[in-house]
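A.B. asks: Dropping the structure in here first, questions after.
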Amino acid sequence: MATVMESRYAIDTSANLIRFEVWGELTAESLIELLDQVRADPRYVPGMHALGDYREAYGNWDYSEIQRFRDYLMHIAVPCEVRWAALFRPGNLAAAAHVLILISEAVGSDIKMRMFEEPAAAMRWMRGEDRPGVSMSHEFLSGRVEVRTGDITGLPVDAVVNAANSTLLGGAGVDGAIHRRGGQEILRACRELRETCYPQGLPAGEAVLTTAGNLPARYVIHTVGPIWGRDQQAGVLLASCYRKSLALAANHALESVAFPAISTGAYGFPKEEAAAVASTAICQALAQADAIERVSLVFFSDADRDVFLANQQFG
Ligand code: ADP
0 MATVMESRYA IDTSANLIRF EVWGELTAES LIELLDQVRA DPRYVPGMHA LGDYREAYGN
60 WDYSEIQRFR DYLMHIAVPC EVRWAALFRP GNLAAAAHVL ILISEAVGSD IKMRMFEEPA
120 AAMRWMRGED RPGVSMSHEF LSGRVEVRTG DITGLPVDAV VNAANSTLLG GAGVDGAIHR
180 RGGQEILRAC RELRETCYPQ GLPAGEAVLT TAGNLPARYV IHTVGPIWGR DQQAGVLLAS
240 CYRKSLALAA NHALESVAFP AISTGAYGFP KEEAAAVAST AICQALAQAD AIERVSLVFF
300 SDADRDVFLA NQQFG
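With numbering that gives the first Met the number 0 applied, the sequence shown corresponds to residues 0 to 314, in that order.
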């Protein structure tokens with residue numbers, strides 16, 4: 000184990016990101032020295048995010064050292080929100096970092112700091128993927144359709160569409176997430192539908208509406224996508240899911256509807272083809288549903304969103 004602090008850093012200008020790693024005994028002074036070195040680098044731009052890896056460092060910061068580093072951060076702050084993620088193992092330094100974050104938040108620093116144990120979680124936070132409303136958005140049909148990434152269960156829309164299975168009793172993927180977060184009320188409404196209208200289950204391509212339980216949405220529209228390789232005319236059925244869901248929303252005078260990428264998960268529908276089918280069906284359905292103001296197409300990852308954007312037929 001190194002006894003004095005050693006470090007290395009890299010500046011990724013395309014990602015607007017500084018990465019650094021430190022080993023050995025970490026003091027406020029040595030960290031400030033490192034950051035001064037980074038700031039003197041010609042590739043450094045004020046406002047860059049930072050990912051600091053302190054997992055191989057140790058130290059025993061007292062309050063005055065924490066305060067000294069806090070003052071330094073205030074001094075280098077820029078007038079825009081910057082995200083600094085720090086990787087720690089549980090222990091002394093992590094405890095000091097926790098205090099540092101608390102006092103920095105109390106004085107309203109523009110450098111937002113968070114601690115992580117996992118690099119992947121730190122990167123997600125830095126990219127803003129934990130903030131569905133802030134991730135990149137793309138609009139079509141004069142703003143009536145938006146394409147975004149995020150978790151559909153957190154959206155305060157009139158209706159969230161569920162990629163259900165024909166039992167209507169919950170499943171994996173988005174279905175599981177909706178039932179988990181929405182609670183028992185949704186399941187009760189689905190059971191009632193099974194007992195009354197759909198004793199054999201909801202056929203693929205059909206859509207039904209229930210309460211949204213504890214979700215921030217008002218309603219859930221459950222639609223059953225086709226299973227790729229099993230259902231014939233899968234494209235026709237997938238188009239029907241989008242069309243019938245939107246018709247149902249229009250019949251209930253709903254204005255905003257959010258869709259996941261139906262059938263492209265467990266049901267295996269190729270994402271490229273699904274993008275063409277979904278966009279065409281939505282375009283046709285919206286032409287007959289003036290009251291629907293906003294359709295959000297919500298993808299779970301940036302990669303899925305980008306496949307959709309590359310294959311959509313909105314124009
Ligand atoms: P299906 O069975 O119709 O294929 P899945 O739920 O397996 O449905 O997957 C549909 C899509 O929804 C997949 O692309 C998956 O990544 C995505 N997904 C899963 N959970 C969520 C969520 N909470 N919010 C948005 N999309 C989600």
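We put the beta carbon where it would ideally sit given N, CA and C, even for glycine.
Owing to the predicted nature of the structure, the values given are computational and were not obtained by experimental measurement.
Taking the CB atoms as reference points, tell me whether C240 and A206 lie closer together than 9 Å.
C.D. replies: Result yes, Cβ atoms of C240 and A206 sit closer than 9 Å.
A.B. asks: Taking DSSP's pairing of strands, which residues face E20 in a bridge?
C.D. replies: R7, D52, per the DSSP bridge assignment.
A.B. asks: What do you get for V44, buried or exposed, if any count of 16 or more other CB atoms within 10 angstroms of its CB means buried?
C.D. replies: So V44 counts as exposed.
A.B. asks: Going by C-alpha to C-alpha distance, which of N91, R69, A158, V37 sits closest to T209?
C.D. replies: Measuring from the Cα of T209, the nearest candidate turns out to be A158.
A.B. asks: Under the three-state reduction of DSSP, which class applies to L86: helix, strand or coil?
C.D. replies: In this structure, L86 counts as strand in the three-state DSSP scheme.
A.B. asks: Following the continuous alpha helix (DSSP H) through A94, name the residue where it begins and the one where it ends.
C.D. replies: A94 -> alpha helix (DSSP H) spans 91-105.
A.B. asks: Assuming M112 is part of the beta strand (DSSP E), what are its boundary residues?
C.D. replies: Start and end: 110-115.
A.B. asks: For the beta strand (DSSP E) that H221 lies in, which residues bound it at each end?
C.D. replies: Taken as a continuous stretch (DSSP letters only), the beta strand (DSSP E) holding H221 covers 218-223.
A.B. asks: Rounding to the nearest angstrom, what Cα-Cα distance links S134 and P259 in this structure?
C.D. replies: For S134, the pLDDT reaches just 45, beneath the cut-off of 50, and the residue's location in the model is therefore unreliable, although a value from the coordinates is still provided. The straight-line gap from Cα to Cα measures roughly 16 Å.
A.B. asks: Mark S141 as exposed unless 16 or more other C-beta atoms lie within 10 angstroms of its C-beta, in which case mark it buried.
C.D. replies: It is exposed - the Cβ of S141 has fewer than 16 other Cβ atoms within 10 Å.
A.B. asks: For L236, which of helix, strand or coil comes out of DSSP?
C.D. replies: It is helical.
A.B. asks: May I ask you to list the residues that DSSP assigns as paired with N161?
C.D. replies: H221, per the DSSP bridge assignment.
A.B. asks: How would you write the range of the beta strand (DSSP E) that S255 sits in, first residue to last?
C.D. replies: From DSSP, the beta strand (DSSP E) with S255 extends over 255-258.
A.B. asks: State the DSSP-derived secondary structure class of H137, mapped to helix, strand or coil.
C.D. replies: Looking at H137 - three-state DSSP - the assignment turns out to be strand.
A.B. asks: DSSP state of F307, grouped into three classes?
C.D. replies: If DSSP states are grouped into helix, strand and coil, F307 belongs with the helices.
A.B. asks: Contact defined as beta carbons within less than 8 Å: I believe F68 pairs with L30. What is the distance between those atoms, to the nearest angstrom?
C.D. replies: About 6 Å; that satisfies the 8 Å criterion.
A.B. asks: Would you say the beta carbon of V160 is closer than 8 Å to some non-hydrogen atom of ligand 1?
C.D. replies: Checking the Cβ of V160 against ligand 1 gives no.
A.B. asks: Rounding to the nearest angstrom, what Cα-Cα distance links E138 and V144 in this structure?
C.D. replies: Answer to the nearest angstrom: the Cα atoms are 6 Å apart.
A.B. asks: What is the rounded straight-line gap between the Cα of A286 and the Cα of L192?
C.D. replies: Distance between the alpha carbons of A286 and L192: 30 Å.
A.B. asks: What runs of the alpha helix (DSSP H), each 4 residues or longer, lie entirely inside the stretch 168-201?
C.D. replies: With a minimum length of 4 residues, the continuous alpha helix (DSSP H) runs that stay inside the stretch 168-201 are 172-181, 183-195.
A.B. asks: Would you report the Cα separation of D303 and S6, rounded to the nearest angstrom?
C.D. replies: Looking at the two C-alpha atoms, the distance is approximately 37 Å.
A.B. asks: Is the distance from the Cβ of H221 to the Cβ of L201 below 9 Å?
C.D. replies: Their beta carbons are under 9 Å apart, which means H221 touches L201 by this criterion.
A.B. asks: For A119, which option in L86, G149, T148 has the closest C-alpha, if you only look at C-alpha atoms?
C.D. replies: The shortest C-alpha separation from A119 is found at L86.
A.B. asks: Which of helix, strand or coil does DSSP assign to G132?
C.D. replies: Its pLDDT being 44, under 50, G132 is placed unreliably by the model, and the measurement read from it follows with that caveat. Correct three-state label for G132: coil.
A.B. asks: Short check: CB of V256 to CB of S295, under 9 Å?
C.D. replies: Yes, Cβ-Cβ distance for V256 and S295 is below 9 Å.
A.B. asks: Taking 7 Å as the limit between beta carbons, can you name the residues of its chain near A309, skipping five residues before and five after?
C.D. replies: Result list for A309: empty, nothing under 7 Å.
A.B. asks: Is any heavy atom in ligand 1 found nearer than 8 Å to the beta carbon of P215?
C.D. replies: No, Cβ of P215 sits at least 8 Å from all heavy atoms of ligand 1.
A.B. asks: State the DSSP-derived secondary structure class of V276, mapped to helix, strand or coil.
C.D. replies: Three-state DSSP puts V276 in a helix.
A.B. asks: I need the boundaries of the beta strand (DSSP E) containing S295, first residue and last residue.
C.D. replies: Counting along the chain, the beta strand (DSSP E) containing S295 begins and ends at 293-298.
A.B. asks: DSSP three-state call for E205: helix, strand or coil?
C.D. replies: E205 falls in the coil class under three-state DSSP.
A.B. asks: Please report the distance separating the alpha-carbon of L154 from that of T148.
C.D. replies: Each residue's Cα considered, the two are about 11 Å apart.
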